[in-house]
Amino acid sequence: MRTILQFSAVRRSCRALVFSATLLCLPLLFAQKASSPSEPKYDLQNEVKLKGTVEEIKSPDNAKENIHLMLKGTDESVEISLCPKSFLTDMGTSFAKGDEISLTGSKVKQENTNLVLARQVVKGNDTLLLRDEKGSPVWNWKH
Numbered sequence: 206m207r208t209i210l211q212f213s214a215v216r217r218s219c220r221a222l223v224f225s226a227t228l229l230c231l232p233l234l235f236a237q238k239a240s241s242p243s244e245p246k247y248d249l250q251n252e253v254k255l256k257g258t259v260e261e262i263k264s265p266d267n268a269k270e271n272i273h274l275m276l277k278g279t280d281e282s283v284e285i286s287l288c289p290k291s292f293l294t295d296m297g298t299s300f301a302k303g304d305e306i307s308l309t310g311s312k313v314k315q316e317n318t319n320l321v322l323a324r325q326v327v328k329g330n331d332t333l334l335l336r337d338e339k340g341s342p343v344w345n346w347k348h
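Here you go:
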């Protein structure tokens, strides 16, 4: 009888420990969800073709974050989201201020910013494919 009572007390202690650990972890889970901005989705319905001159390159410190270009077209400047910095490096491609490029991409809104998610970029004789025909990023493909 004493063994059963001891086992029951141990079970209650374990349950209390698991419950306490769960309560302690919940704020961390919610904080991680809230702090990570959602990536905009490529929308084939809003696909556009653009030509212009690279005005500015916004290269992140983190290699997993996307490189952004400011493209000066005939009417206005447009922010272009390319791909993670590491992918562009792996492809052996770079962009410089003054480069003439044309691209196909999707107009989207992220937070309060209008930008274009690039699917394909042409610079000179080079074509850089960043997304497939459905808009899925090629840098996510598993080899």
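Quick note: the sequence shown uses our numbering, first residue 206, plus one each step. Cβ coordinates follow ideal geometry from the N, Cα and C atoms, glycine included. None of these values were measured; they are calculated from a predicted model.
C-alpha gap between residue i and residue j, whole angstroms
| i | j | result |
| --- | --- | --- |
| residue 308 | residue 252 | 10 Å |
| residue 276 | residue 325 | 14 Å |
| residue 263 | residue 296 | 18 Å |
| residue 344 | residue 280 | 31 Å |
| residue 318 | residue 336 | 21 Å |
| residue 301 | residue 267 | 19 Å |
| residue 395 | residue 254 | The question about residue 395 has no answer here: the residues shown for the chain are numbered 206 through 348. |
| residue 291 | residue 269 | 6 Å |
Outcome for residue i when other beta-carbon atoms lying within 10 angstroms are tallied against a minimum of 16
| i | result |
| --- | --- |
| residue 299 | exposed |
| residue 341 | exposed |
| residue 257 | buried |
| residue 271 | buried |
| residue 323 | buried |
| residue 278 | exposed |
| residue 334 | exposed |
| residue 303 | exposed |
| residue 320 | buried |
| residue 310 | buried |
| residue 249 | exposed |
| residue 289 | buried |
### Complete beta strand (DSSP E) runs within the stretch 239–318 (minimum length 3 residues, chain order)
252–263, 271–277, 282–289 and 305–315
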